[in-house]
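Numbering (our numbering), first residue to last: 38 to 323.
Shown next as structure tokens:
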């Protein structure tokens, strides 16, 4: 089952005096790139959070956000009354024409006017948050699986189209080879010179072998089947599928360069177009 790297999940954890909002967003990336935003009081748990994300999401550009809203009387910030009073006193000395309300508004914004307690995270609180993160990760994985199912069907449709185009190439090949033979025979006839029939036949065989695409047709068909097999495997491996598309592209390019036949080259262009669309979508597969 392939999995997309695009996903979103959100969980609200309601504690007695706090509301914790946990959000996860992910986009495609070659490696795991986690950007974590959280209050400083929870930074001690950042490494644990990153490990949880890595175990579940494996790869992608991931934005993790943890927001805290105080809903009770408990608060980690307190006014440093002594410092504020000293600031007001100094402001009066600087400007005796002001009033205490103006001095207070200025003082409260100055350094050290507010004290923030940095107590250790309560283990029970962390257990609740950890469960919330697990729940959010489950949501984003479910989102990725749903996106992956859509991508999988699109890949199947495009591989089916490539197989149909390959079938048309195979059906057209005898006509193409006959055309090569006819052009060579016509070219010799226009020279109006006697030629050694045996030598001509040898040259004809050489050119027909040079334009032969039998091996490419077989390999391309095998690569398409292998892509479908990898697509239906239990794990999601976008890099492996990417390597297979490189092999598919190599065979399509060789068929195009060897075909020397306009109707077949039109089919090759269509095959390249379908393959490019597969490659674009594969960038988003885990």
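Ideal Cβ positions, reconstructed from N, Cα and C, are used throughout, including at glycine.
None of these values were measured; they are calculated from a predicted model.
- In the DSSP assignment, residue 62 falls within the unbroken beta strand (DSSP E) covering 55-64.
- Look at residue 145 here: in three-state DSSP terms it is coil, with no helix or strand label.
- Secondary structure in the stretch 129-208: the beta strand (DSSP E) runs of 3 residues or longer, each lying completely within the stretch, are 151-153 in chain order.
- The continuous stretches of beta strand (DSSP E) do not include residue 289, which lies in the alpha helix (DSSP H) extending over residues 275-296.
- Note that the C-beta distance between residue 68 and residue 320 is not below 7 Å.
- In terms of CA proximity to residue 308, 201 leads the group 86, 221, 191, 201.
- Ranked by Cα distance from residue 170, the first of 246, 96, 100, 304 is 100.
- Per DSSP, reduced to three states, the secondary structure at residue 39 is coil, with no helix or strand assignment.
- Counting along the chain, residue 101 sits inside the beta strand (DSSP E) bounded by residues 97-107.
- Under DSSP, residue 73 forms a beta bridge with 101.
- In the three-state scheme derived from DSSP, where H, G and I count as helix and E and B as strand, residue 315 is classed as helix.
- The Cβ neighbour count for residue 144, taken over all protein chains shown within 10 Å, is at least 16; the residue is labelled buried.
- Restricting attention to 262, 317, 210, the CA atom closest to the CA of residue 246 is found in 210.
- Residue 116 carries a strand assignment under DSSP once its states are collapsed to helix, strand and coil.
- Residue environment for residue 268: buried (at least 16 other C-beta atoms within 10 angstroms of its C-beta).
- According to the DSSP assignment, residue 255 belongs to the alpha helix (DSSP H) that extends over 251-268.
- One thing to note: residue 176 has its Cβ no nearer than 7 Å to the Cβ of residue 108.
- Listed in chain order, the non-local C-beta contacts of residue 316 below 7 Å within the same chain comprise 282, local neighbours out to five positions each way being set aside.
- Shown here, residue 47 sits in a strand according to DSSP, grouped into three states.
- In this chain, the alpha helix (DSSP H) harbouring residue 88 covers 83-94.
- Taking C-alpha positions only, residue 270 is separated from residue 38 by approximately 6 Å.
- Within the same chain, 97, 98, 99 come within 8 Å of residue 70 by CB-CB distance, once the 5 residues on both sides are set aside.
- Scanning 186, 180, 195 for the CA closest to the CA of residue 313 turns up 195.
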